[in-house]
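To keep things clear, I will list the structure first and then write my remarks on it.
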Amino acid sequence: SSGINAECPLRPGKRNPRKVKWTKAFRKSHGKELAIDSTFDLEKKRSVPVKYNRELWKNTIHAMKRIQEIRAKRQNQFIKQRLKAGKKLELKDDEKEVEHHIHLIEPKVTVEELYNAALNKTKQKLQEKKKLLEVESMDMD
Numbered sequence: 070s071s072g073i074n075a076e077c078p079l080r081p082g083k084r085n086p087r088k089v090k091w092t093k094a095f096r097k098s099h100g101k102e103l104a105i106d107s108t109f110d111l112e113k114k115r116s117v118p119v120k121y122n123r124e125l126w127k128n129t130i131h132a133m134k135r136i137q138e139i140r141a142k143r144q145n146q147f148i149k150q151r152l153k154a155g156k157k158l159e160l161k162d163d164e165k166e167v168e169h170h171i172h173l174i175e176p177k178v179t180v181e182e183l184y185n186a187a188l189n190k191t192k193q194k195l196q197e198k199k200k201l202l203e204v205e206s207m208d209m210d
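By the working numbering, the letter at position 66 of the sequence shown is numbered 135, and the numbering carries on one by one without gaps.
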């Protein structure tokens, strides 16, 4: 065997295109670009020669323009669909960050407010006890 492989200095750049991130093959195989679409089927090479026909040429060119429009529309739709997932993740991250740093957003409670809140609670408890005692005294009568 000759011993030539991917690490050989004679061919330093030989890599699998599906693993190199900037290639079209990588982007299509990892769902980053539109890979399966009926518009791609119309683009295949035809090896059978066709006799020149002006009407056929005109129709073909018109169809090519229309196919370009359809493909562009589908690609835009595909990209928007991919970006939706990222927006959802971004929203979740933002919610987590707000939860984590809520102390920066909420106003600080002063000592007086805490004291007043505690005082109001104790007043309410005393009123409830008074009502219970009144109800019990009425029941005994």
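Cβ atoms here follow ideal geometry from the backbone N, Cα and C, with glycine treated the same way.
| Asked | Found |
| --- | --- |
| Rounding to the nearest angstrom, what Cα-Cα distance links LYS199 and TYR184 in this structure? | 23 Å |
| Any idea what DSSP makes of HIS131, helix, strand or coil? | helix |
| I want to know whether the segment 137-146 touches the segment 100-119 - three or more CB-CB distances under 8 Å. | yes |
| Quick check on this structure: which residue in ARG96, LYS93, HIS170, THR129 has the alpha carbon closest to the alpha carbon of GLU112? | THR129 |
| Short of 6 Å in beta carbon distance, which residues of its chain neighbour GLU168, apart from the five on each side in sequence? Order them along the chain. | none |
| Assign LEU103 to one of three DSSP states: helix, strand, or coil. | coil |
| Taking the C-alpha atoms as reference points, what is the distance between LEU160 and GLN150? | 16 Å |
| Suppose you measure from the CA of GLU124 to the CA of HIS99; what does that come to, to the nearest Å? | 41 Å |
| Which same chain residues end up closer than 7 Å to ILE139 when comparing Cβ atoms and leaving out the 5 residues on each side of it in sequence? | THR108 |
| Have a look at GLN196 and MET209 and give me their C-alpha separation to the nearest angstrom. | 20 Å |
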